[in-house]
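Enquirer:
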Amino acid sequence: MVQPFDVFLSNPHISASGIIGAAVTACLGDTSVRSEEYGSEGFRGFCLHAPAVKSAVLADIFSSVSITAQHGNFQRLFLDLTRFHVRLDFPSGSKFLSSAMQLAQDFFHSQQPTVEAVRGICPDATISLQQQIAGPLSLRVDSGLAIDWKNRDWPMRVHDPVFAVEYALQVLGSAKAIAWYSPRQQEFMMELRFFET
């Protein structure tokens, strides 16, 4: 049997995963005054202020859903790996729920939904495409997708693309050397990554 260039990328598959989490901040002393100001500037999560003891607690939930599809075994010399990955991030559960409730009320009352409510339920999207070129060498493009609410002809736009060349280090099982470039940030970096899927 031929040894794959990366053991974690040796089987074609389609997989999905999800994460739900919470972020909690506790402020004591003078920082609790700043947390009150932050809470009044549009923070919609759980807020608990205790001015008598100069303390505050802020909390919110977040979630992420991703789907990955891979074709090929990454064993042959040419074009034996194609991977596609999509991730949807919902950074604020409270903002999502309040926007969804606002949209439901608008539809129930036969009103035009507001742009803010629609924007509040839209997740942050990231896509990634990887293609083997030859041997352990592959090209990868990662990019965010953003909705341009002012452009009605084509509202989808690519946001902050990153272009990478990956070289799988077969000797280490699942390590790779990566050189990537971000045109928007004007950054170039070389990395060595271990056990990345």
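Its first residue numbered 141, the sequence shown is counted upward by one per residue in my numbering.
All C-beta atoms in this analysis are idealised placements derived from N, C-alpha and C, irrespective of residue type, glycine included.
Just so it is clear, the structure is predicted and the values come from calculations on it, not from any experiment.
Just reading off the beta strand (DSSP E) that Gln-242 is part of, what are its end residues?
Expert: Note, Gln-242: premise wrong, no beta strand (DSSP E); alpha helix (DSSP H) at 233-248.
Enquirer: Sort Ser-278, Phe-247, Ile-160 by Cα distance to Gln-215 and report the nearest one.
Expert: The residue with the shortest Cα to Cα distance from Gln-215 is Ser-278.
Enquirer: Could you say which of Asp-200, Ser-195, Gly-158, Arg-223 lies nearest to Phe-186 if we only look at CA atoms?
Expert: Answer by Cα proximity: Asp-200.
Enquirer: Per DSSP, what kind of secondary structure is Gln-323 in: helix, strand or coil?
Expert: For clarity, residue 323 is Pro in the given sequence; the question names Gln instead. Coil.
Enquirer: Where Asp-300 and Pro-323 are concerned, what is the direct C-alpha to C-alpha distance, given to the nearest angstrom?
Expert: The straight-line gap from Cα to Cα measures roughly 8 Å.
Enquirer: Once the 5 residues before and after Leu-309 are set aside, which same chain residues still bring their CB inside 7 Å of it?
Expert: Hits under 7 Å: Ala-315, Lys-316, Ala-317.
Enquirer: State the beta-bridge partners of Ser-155 as determined by DSSP.
Expert: For Ser-155, which the question treats as bridged, DSSP gives the partners Thr-208.
Enquirer: Give the range of the beta strand (DSSP E) segment to which Arg-223 is assigned.
Expert: Its beta strand (DSSP E) spans residues 222-230.
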